[in-house]
Structures are given as structure tokens and as C-alpha cells.
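Colleague: First residue of the sequence shown: 16, per this note's numbering; consecutive thereafter. From the three backbone atoms N, C-alpha and C, an ideal C-beta is built for every residue, glycine too. Pasting a structure below so you can have a look.
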Amino acid sequence: MPHPSRILPRLPGIRRLCVLPTAGALVAGTVLAFAPSAAAEPATPAAYPAGASATRYSGLAFDTCTAPPLSAIQAWTASPYRAVGVYIGGITRTCAQPQLTAPWVASVSALQWRLLPIYKGLQPPCGGKPTDAKISRAAATARGQGTAAAADAVAKAKALGMVPGSAVYNDIEHYTQTDATCRTGVLAFVSAWTKELHRLGYVSGVYMNLNFGAKQLSDVYTSTSYARPDALWIARYDSVDSLKGWTNIPDVRWPLH
């Protein structure tokens, strides 16, 4: 995901995505194409990873709590789907992943499937489940948490054979919009997540609800106080799958999703 991109919404039962997934070799005939190199945008404290090289995918995708067996992926090849989200780690990931191994990743990629690595870690202090481990309300602590989460996500991605230049999406569930210290903590966390992923050569993705966290990311899109994620994956439940006309997010923001 080496270029800022929008991602179509998480819809009940179906997702249509225009995404930049894991980096790797392309296979002849695939609908993917290499994206151009990108410079840091805007002039945030984080530079875009210089050597990032990933693929773009436009089409249908799905994710499951547990990565499916290779036989299931082979069966799905007869469908319109060609991308699958996999939960690679995080303290709030709830499902076991007996299938999710480096050989599985290699085999699925060889079938020309694109993988969307998802990291489900700390959740907002004013959202998620009450039992979830939380992001701190204190910005300094939240930044440390974001840095640690990114380092862990990269370690998990590397162990699976997901090379630098790959995108990793931090799954942050909906949270209250009127809680100022919660907002500060989440934005500091995401900024640090982005900066550390960039430092390690990976691309920063974030999954948020269109009307909650995604709006707050859009509000600071041009800020030089927060490092901007490269890709935004929204949750949206109105059955509209357009890449344009998102509530509270102008089309010029993350325009290439």
C-alpha cells in the first residue's frame, strides 16, 4: 500500500475493496498493478517508507475471524472474491489461527489471492468492549502503545512472510466522539503506529467506523501534529459501497482508495 488510498466499506456479508495489500511478486494476468512511489504527504513527522513496494487490488474481499484452510480458498477461487483479510495479531484478537502460517500465506498468494493483514490490538478508552485492553488517554503513553503495537505487528507480519512494503491495518472499533481525552489518545496512538510502521518499512492502514473514528482522522488530515495513515478502511452499514461522497470525509482525502 505505498500510496494513500481509500477502502470501500465493511458491509454486512460483503466487502468491495480497492486496496493495497501485502507486497510481493505479481502473477501474469492478475488485476493488480504496481503503485508508483510516493513521497511523504503531508509534511508530518513521519516520512513515507522509501522502498515500499506493494500491489493494488480492486474488487471483492472478505475476512473471517480464523483464516480459512487452503482448501476453502481454492473453492472460493470460483467466486468473484480474490482478497481475504487475516488477523495476524493483537491483544484483542479472539480467534485461534491454526491455518495462518508462512506456508499458508505463500500458498494463498500463489493462487493469486491478495491478503489484507489486520492487527486487532488496544481499543479506545471510550469504546470497544468493556473487557478490551485500552489505549491510554494520556498522549505520551498512547504514543508508546502505538509504537509497541506497530513493532509487534511487523514482527508478526515478517514471521508470516509478509515483506516490507506491505500494509498492516490496525482494527480500531467505534468509540464516543464527544470525549476529548479519548480522541487525543486514539489520534496519538494512530500517529505513533504510522510512524513506527514507516520506520520499519511497512505501510500504515487503519480500520475505523465512517461516522466515528474515521471522521476524527479526517479532521486532522492536514495536521502536522499527527502522522497520517496511508490507507483508511471504513466500517459502513448503509449498503452503499461508493468510494465517493463519504460523510465527513471529502473525496480529496485518501483519494486513491
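What ranges does the alpha helix (DSSP H) occupy inside the region 187–236, keeping only unbroken runs of at least 4 residues that lie completely in it?
Modeller: 195–214 and 228–234
Colleague: Note down the Cα distance separating Y102 from I133, rounded to an integer number of angstroms.
Modeller: The residue labelled residue 102 in the question sits at position 87 within the sequence shown. The residue labelled residue 133 in the question sits at position 118 within the sequence shown. Using only the alpha carbons, I get a separation of about 5 Å.
Colleague: Between M177, R243, F204 and G228, which has its C-alpha nearest A163's C-alpha?
Modeller: Locating residue 163 in the sequence shown gives position 148, where the first residue counts as 1. Considering only alpha carbons, the answer is F204.
Colleague: Does the beta-carbon distance from G143 to E188 come in below 9 Å?
Modeller: Counting from 1 along the sequence shown, the entry for residue 143 is found at position 128. Counting from 1 along the sequence shown, the entry for residue 188 is found at position 173. It is a contact, given that the beta carbons lie within the stated cut-off.
Colleague: At 3 residues or longer, what runs of the beta strand (DSSP E) sit wholly inside the region 80–120?
Modeller: Those beta strand (DSSP E) runs which fall completely within the region 80–120 and span 3+ residues are 96–104.
Colleague: Can you tell me which residues form a DSSP beta bridge with R129?
Modeller: To locate residue 129, count along the sequence shown from 1; it is residue 114. Beta-bridge pairing links R129 to A98.
Colleague: Suppose you measure from the CA of P265 to the CA of L225; what does that come to, to the nearest Å?
Modeller: Walking along the sequence shown from the start, residue 265 turns up at place 250. Walking along the sequence shown from the start, residue 225 turns up at place 210. Approximately 12 Å between the Cα atoms of the pair.
Colleague: Distance, Cα to Cα, D78 vs R129?
Modeller: Here residue 78 refers to the residue found at position 63 of the sequence shown. Here residue 129 refers to the residue found at position 114 of the sequence shown. Rounded to the nearest angstrom, the two C-alpha atoms are 12 Å apart.
Colleague: Under a Cβ-count criterion, where at least 16 other Cβ atoms within 10 Å of its own Cβ denotes burial, should L126 be classed as buried or exposed?
Modeller: Position 111 of the sequence shown, counting from 1, holds the residue named residue 126. Classification of L126: exposed, given that the 10 Å Cβ count is below 16.
Colleague: Within 10 angstroms of the Cβ of D186, are there 16 or more other Cβ atoms? Answer buried if so, exposed if not.
Modeller: Numbered from its first residue, the sequence shown carries residue 186 at position 171. Buried, by the Cβ-count rule.
Colleague: Threshold first: 3 residues or longer. Then list the beta strand (DSSP E) segments lying entirely within the region 137–187, N to C.
Modeller: Listed in chain order, they are 182–186.
Colleague: Just to check my reading of the structure: V267 and D245 have Cβ atoms closer than 8 Å, yes? What is that Cβ distance to the nearest angstrom?
Modeller: Working through the sequence shown from its first residue, we reach residue 267 at position 252. Working through the sequence shown from its first residue, we reach residue 245 at position 230. Actually they do not touch by this definition, with Cβ atoms about 16 Å apart.
Colleague: Please name the residue in W261, A172, R243 and T239 whose C-alpha comes closest to that of I249.
Modeller: For this step, residue 249 is matched to residue 234 along the sequence shown. Ranking W261, A172, R243 and T239 by Cα distance to I249 puts W261 first.
Colleague: Enumerate in chain order the residues of its own chain whose CB-to-CB distance from T193 is below 8 Å, with the five nearest sequence positions on each side excluded.
Modeller: Taking the first residue of the sequence shown as position 1, residue 193 is located at position 178. Nothing listed; no residue qualifies.
Colleague: Within the same chain, show all residues whose beta-carbon is closer than 8 Å to that of A117, passing over the 5 residues directly before and after it, in chain order.
Modeller: Counting from one through the sequence shown, the residue named residue 117 turns up at place 102. Around A117, the same chain offers A174, L175 and G176 as residues with beta carbons nearer than 8 Å, after the five sequence neighbours per side are excluded.
Colleague: What does the Cβ neighbour count give for V255, buried or exposed, with the cut at 16 atoms within 10 Å?
Modeller: If you number the sequence shown from 1, residue 255 lands on position 240. V255 is exposed by the Cβ-count criterion.
Colleague: Given this structure, state the Cα-to-Cα distance separating L215 from S206, to the nearest angstrom.
Modeller: Taking the sequence shown and counting its residues from 1, the one referred to as residue 215 is at position 200. Taking the sequence shown and counting its residues from 1, the one referred to as residue 206 is at position 191. Answer to the nearest angstrom: the Cα atoms are 14 Å apart.
Colleague: What would DSSP say about S238, mapped onto helix, strand or coil?
Modeller: Counted from its first residue, the sequence shown places residue 238 at position 223. S238 falls in the coil class under three-state DSSP.
Colleague: How about V183 and L212: are their beta carbons less than 9 Å apart?
Modeller: Taking the first residue of the sequence shown as 1, we reach residue 183 at position 168. Taking the first residue of the sequence shown as 1, we reach residue 212 at position 197. In contact: V183 and L212 (Cβ atoms closer than 9 Å).
Colleague: Whole angstroms are fine: how far does the CA of V120 sit from the CA of W269?
Modeller: Here residue 269 refers to the residue found at position 254 when the sequence shown is read from its first residue. Here residue 120 refers to the residue found at position 105 when the sequence shown is read from its first residue. Within the model, the alpha-carbon separation for W269 versus V120 is close to 28 Å.
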